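*Asks:*
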């Protein structure tokens with residue numbers, strides 16, 4: 003097993019230290035320029051639209067808010083908590099700086115993904131929406147083989163990062179808190195997930211619309227409380243992040259090693275896991291949203307990167323920094339890592355801190371499993387006939403149990419590898435379809451200007467009447 007783990011860790015390191023870094027950043031920077039800094043100019047508008055009621059008459063299966071929550075359910079969870087802890091241990095605090103960089107340019111990619119997902123989506127035989135990179139690569143570029151390549155790796159990624167990691171992190175948190183056997187927690191998670199997964203996208207959307215806001219507020223409130231209590235160390239923590247991004251040593255050293263490349267590799271890989279910008283998974287949920295304007299869904303989807311990376315991830319890292327828990331060892335002599343490390347950080351300041359993290363991890367992980375099950379389903383449907391979908395769902399639910407009893411050292415590198423292979427065809431599609439993105443963006447922005455002008459006139463009339 004140790005040889006297998008070392009192989010995946012090495013492969014993961016070389017994959018994310020090769021052309022994939024340049025491809026990801028390059029496409030993100032290219033789209034940022036083509037869209038004239040959309041993520042800066044329309045950030046507040048995107049956040050406002052995210053919480054605006056959808057047009058129920060528009061085409062789609064779920065509301066725009068439910069679509070965003072389904073996407074956030076797959077990003078704002080384990081990747082933003084346990085993922086940040088593993089990034090710091092393996093790549094040092096400097097990894098977070100590079101996570102911010104990839105998140106910034108990734109906002110443009112997320113915007114583009116959602117636009118293309120809505121524009122090229124189709125209505126299947128059951129009158130449900132189907133879309134995502136496999137469809138816009140196929141229909142927009144007439145490259146079905148490349149779309150199928152994305153679908154294959156997307157399906158495997160749903161089992162790795164969307165299933166194994168989540169179940170493993172949940173079982174870790176429950177064992178740390180209650181000493182509950184991973185075998186028992188695995189069965190419980192599988193059964194609960196199965197009930198919702200078998201209900202389809204509308205069931206997923208409703209569950210995530212309630213779960214995500216609640217669990218986000220619980221975690222954010224607890225994290226901010228710790229940061230406020232230890233406010234004297236905030237500037238030092240931020241300085242450490244920036245300094246470590248260029249001259250640093252990983253907390254764990256070990257196989258991955260030390261240096262700037264470790265920070266970049268961990269920051270980008272874990273950044274992708276936490277916000278999915280450029281990965282291609284989130285637009286699968288965007289395609290199901292009730293909207294007739296691709297650009298509107300683009301802005302809503304873009305807000306998800308800001309919420310997951312710049313809010314939740316940053317809170318996690320600052321908590322780890324101000325509590326000074328990174329580098330602690332467990333009884334076996336290994337470094338405290340993942341979910342247990344974040345739980346230790348919270349409990350060191352707040353008496354019930356570990357309960358906040360455990361609750362957040364369980365709910366985050368559960369909702370992430372639900373979100374990725376839908377992504378995997380749509381990839382499966384693109385490759386195979388819909389009538390075989392029940393087999394995918396059954397296997398997906400069974401793998402949840404395996405994830406609960408698996409090793410953290412194996413599942414994270416495996417998930418990073420699948421994410422990398424999944425991102426490549428999607429990034430190629432985004433680059434080649436950039437002109438379409440710009441055209442659709444201009445159409446929506448003109449509509450948005452007219453809506454704002456109309457609203458301004460209505461307010462002016464109300465003022466004159468009063």
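In the numbering used here, the protein residues as written are 3 to 468. By construction, the Cβ of each residue, glycine as well, lies at the ideal position given by its N, Cα and C atoms. Small disclaimer: the values here were computed from a predicted structure and weren't measured.
Do residue 378 and residue 20 come within 7 Å of each other at the CB atom, strictly closer than that value?
*Replies:* Here residue 20 refers to the residue found at position 18 of the chain shown. Here residue 378 refers to the residue found at position 376 of the chain shown. The Cβ atoms of residue 20 and residue 378 do not sit closer than 7 Å to each other.
*Asks:* Do you know offhand how far residue 358's Cα is from residue 348's?
*Replies:* For the purposes of this step, residue 358 is taken as the residue at position 356 of the chain shown. For the purposes of this step, residue 348 is taken as the residue at position 346 of the chain shown. For residue 358 and residue 348, the gap between their C-alpha atoms comes out near 8 Å.
*Asks:* When the Cα of residue 126 is compared with those of 437, 388, 336, which residue comes out closest?
*Replies:* Reading the chain shown from its first residue, position 124 is the one you call residue 126. Ranking the options by Cα distance to residue 126, first place goes to 388.
*Asks:* Pull up the distance between the alpha-carbon of residue 307 and that of residue 149, whole angstroms please.
*Replies:* Taking the first residue of the chain shown as position 1, residue 307 is located at position 305. Taking the first residue of the chain shown as position 1, residue 149 is located at position 147. Taking the straight line joining both Cα atoms gives about 24 Å.
*Asks:* Out of curiosity, what's the CA-to-CA distance linking residue 427 and residue 88?
*Replies:* On the chain shown, residue 427 is found 425 positions in, with the first residue counted as 1. On the chain shown, residue 88 is found 86 positions in, with the first residue counted as 1. Residue 427 and residue 88 have their C-alpha atoms roughly 27 Å apart.
*Asks:* Decide yes or no for the touch test of the stretch 297–315 against the stretch 430–449: beta carbon pairs closer than 8 Å, at least 3 of them.
*Replies:* yes
*Asks:* So residue 336 is in the alpha helix (DSSP H); what residue range does that whole segment cover?
*Replies:* Locating residue 336 in the chain shown gives position 334, where the first residue counts as 1. Element bounds for residue 336: n/a, residue is neither H nor E.
*Asks:* Just the C-alpha distance for residue 323 and residue 32, rounded to the nearest angstrom, thanks.
*Replies:* For this step, residue 323 is matched to residue 321 along the chain shown. For this step, residue 32 is matched to residue 30 along the chain shown. In a straight line, the C-alpha of residue 323 is about 33 Å away from that of residue 32.
*Asks:* With respect to the alpha helix (DSSP H) encompassing residue 43, which residues constitute its N-terminal and C-terminal limits?
*Replies:* By 1-based counting over the chain shown, the position of residue 43 is 41. Counting along the chain, the alpha helix (DSSP H) containing residue 43 begins and ends at 40–43.
*Asks:* If distances are taken between C-alpha atoms only, which option among 453, 437, 408 comes closest to residue 167?
*Replies:* As a working note, residue 167 is residue 165 in the chain shown. Checking every option, the nearest Cα to that of residue 167 belongs to 408.
*Asks:* Taking the CB atoms as reference points, tell me whether residue 401 and residue 165 lie closer together than 7 Å.
*Replies:* Working through the chain shown from its first residue, we reach residue 401 at position 399. Working through the chain shown from its first residue, we reach residue 165 at position 163. In this structure, residue 165 lies closer than 7 Å to residue 401 by Cβ.
*Asks:* For residue 325 and residue 350, what's the separation of their Cα atoms in angstroms?
*Replies:* Residue mapping note: residue 325 aligns to position 323 of the chain shown, counting from 1. Residue mapping note: residue 350 aligns to position 348 of the chain shown, counting from 1. Each residue's alpha carbon lies about 7 Å from the other.
*Asks:* From the DSSP output, in three-state form, read off residue 293 for me.
*Replies:* As a first step, residue 293 must be located in the chain shown, where it is residue number 291. In the structure shown, residue 293 sits in coil (DSSP, three-state: anything other than H, G, I, E or B).
*Asks:* Helix, strand or coil for residue 254 per DSSP?
*Replies:* Start at 1 with the first residue of the chain shown, and residue 254 comes out as number 252. Confidence at residue 254 is low in this model, with a pLDDT of 46, below 50, so its placement is unreliable and the value that follows should be read with caution. If DSSP states are grouped into helix, strand and coil, residue 254 belongs with coil.
*Asks:* Within 10 angstroms of the Cβ of residue 277, are there 16 or more other Cβ atoms? Answer buried if so, exposed if not.
*Replies:* One-based indexing of the chain shown puts residue 277 at position 275. When all chains shown are included, residue 277 counts as buried.
*Asks:* Could you tell me the distance, in whole angstroms, from the CA atom of residue 169 to the CA atom of residue 353?
*Replies:* If you number the chain shown from 1, residue 169 lands on position 167. If you number the chain shown from 1, residue 353 lands on position 351. Going from the Cα of residue 169 to the Cα of residue 353 covers about 26 Å.
*Asks:* Among the candidates 4, 318, 27, 453, whose CA atom is the shortest distance from the CA of residue 82?
*Replies:* Stepping through the chain shown from its first residue, residue 82 is reached at position 80. Of 4, 318, 27, 453, the smallest CA-CA separation from residue 82 is found for 318.
*Asks:* Pull up the DSSP beta-bridge partners for residue 131, would you.
*Replies:* Within the chain shown, residue 131 is the residue found at index 129, counting from 1. In DSSP, residue 131 forms a bridge with 125.
*Asks:* Spatial neighbours of residue 271 within its chain, please: C-beta separation below 6 Å, excluding the five flanking residues on both sides.
*Replies:* If you number the chain shown from 1, residue 271 lands on position 269. Cβ within range, chain order: 18, 418.
*Asks:* Going by DSSP in three states, residue 379 sits in which element: helix, strand or coil?
*Replies:* Position 377 of the chain shown, counted from the first residue, corresponds to residue 379. Looking at residue 379 - three-state DSSP - the assignment turns out to be helix.
*Asks:* Buried or exposed for residue 16, going by 16 or more other Cβ atoms inside 10 Å?
*Replies:* Translated into the one-based positions of the chain shown, residue 16 becomes position 14. Residue 16 comes out exposed.
*Asks:* Among 265, 200, 320, 362, which one has its Cα closest to the Cα of residue 232?
*Replies:* Taking the chain shown and counting its residues from 1, one reaches residue 232 at position 230. Per the Cα distances, 320.
*Asks:* Between 26, 180, 36, which has its C-alpha nearest residue 473's C-alpha?
*Replies:* A query on residue 473 cannot be resolved here, the shown segment of the chain reaching from 3 to 468 and no further.
*Asks:* Please state the DSSP three-state secondary structure of residue 178.
*Replies:* If you number the chain shown from 1, residue 178 lands on position 176. Residue 178 falls in the helix class under three-state DSSP.
*Asks:* Expressed to the nearest angstrom, what Euclidean distance is found between the alpha-carbon atoms of residue 310 and residue 22?
*Replies:* To locate residue 310, count along the chain shown from 1; it is residue 308. To locate residue 22, count along the chain shown from 1; it is residue 20. Whole-angstrom Cα-Cα distance: 22 Å.
*Asks:* How would you write the range of the alpha helix (DSSP H) that residue 184 sits in, first residue to last?
*Replies:* Within the chain shown, the letter at position 182 stands for residue 184. 184–199 is the span of the alpha helix (DSSP H), which, as asked, contains residue 184.
*Asks:* Alpha carbon to alpha carbon, how far is residue 198 from residue 393? Give it in angstroms, no decimals.
*Replies:* Numbered from its first residue, the chain shown carries residue 393 at position 391. Numbered from its first residue, the chain shown carries residue 198 at position 196. The straight-line gap from Cα to Cα measures roughly 16 Å.
*Asks:* Can you give me the start and stop residues for the alpha helix (DSSP H) that residue 319 sits inside?
*Replies:* As a first step, residue 319 is located in the chain shown; it is residue number 317 there, counting from the start. In this chain, the alpha helix (DSSP H) harbouring residue 319 covers 316–325.
*Asks:* Using the C-alpha atoms, what's the distance from residue 153 back to residue 385?
*Replies:* The residue given as residue 385 occupies position 383 in the chain shown. The residue given as residue 153 occupies position 151 in the chain shown. Their Cα atoms are separated by approximately 7 Å.
*Asks:* I'd like the ranges of any alpha helix (DSSP H) spanning at least 4 consecutive residues and lying wholly in the stretch 381–430.
*Replies:* 391–406
*Asks:* Compare the beta carbon distance of residue 227 and residue 94 with 7 Å and say whether it is the shorter of the two.
*Replies:* Counting from one through the chain shown, the residue named residue 227 turns up at place 225. Counting from one through the chain shown, the residue named residue 94 turns up at place 92. For residue 227 and residue 94, no; Cβs fall outside 7 Å.
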